[in-house]
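In the working numbering, the protein residues as written are 7 to 159.
Beneath this line is the structure, given in structure tokens, with notes to follow.
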């Protein structure tokens, strides 16, 4: 125990003289502002995305403010490549921090076209988006789900 403490203390003293590491160069987002403050997104984006995934998969409820598609539409260039992480907003930071990222095994890793805003993103509705029709459809779907869940077997 004492030996481990001495080794840890030695490592701390050895690393104390190291200079700070400069972070990766990130491309500018295309929206006017992010859906959350920068420090919240940097710290909690995975929690937000995980919570939204659970809500969408389990209950059919989608929050456009925290969707992975919204993030990709605003932050990732249409010319980005998974083969070159420095060209891809998400992969650039995740590679720098040695964080494994499996989101893009299922989700698109770059915008589908040159119109960079998600249809449900409040920063800029997509072409042909009709919020009234989509809200009514969502309400009907939720009513159906609730009706099915409340039925007795």
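Ideal placement from N, C-alpha and C gives every residue a C-beta, glycine not left out.
Small disclaimer: the values here were computed from a predicted structure and weren't measured.
Less than 8 angstroms between the beta carbons of residue i and residue j, yes or no?
i: residue 82; j: residue 26; result: no
i: residue 29; j: residue 80; result: no
i: residue 32; j: residue 103; result: no
i: residue 100; j: residue 115; result: no
i: residue 109; j: residue 74; result: yes
What does residue i pair with, by DSSP beta-bridge criteria?
i: residue 161; result: In the structure as shown, the chain starts at 7 and stops at 159, and residue 161 therefore has no counterpart that could be examined.
For a test of the three-state rule: what should DSSP assign to residue i, helix, strand or coil?
i: residue 39; result: coil
i: residue 45; result: helix
i: residue 155; result: helix
i: residue 145; result: helix
i: residue 25; result: coil
i: residue 114; result: coil
Count the other C-beta atoms from every protein chain shown that fall within 10 angstroms of the C-beta of residue i, then say buried if there are 16 or more, exposed otherwise.
i: residue 77; result: buried
i: residue 58; result: buried
At which residue ranges does the segment 48-110 contain complete alpha helix (DSSP H) runs of 4 or more residues, listed in the order of the chain? DSSP runs (the alpha helix (DSSP H)) wholly in the segment 48-110: 74-81 and 95-102.
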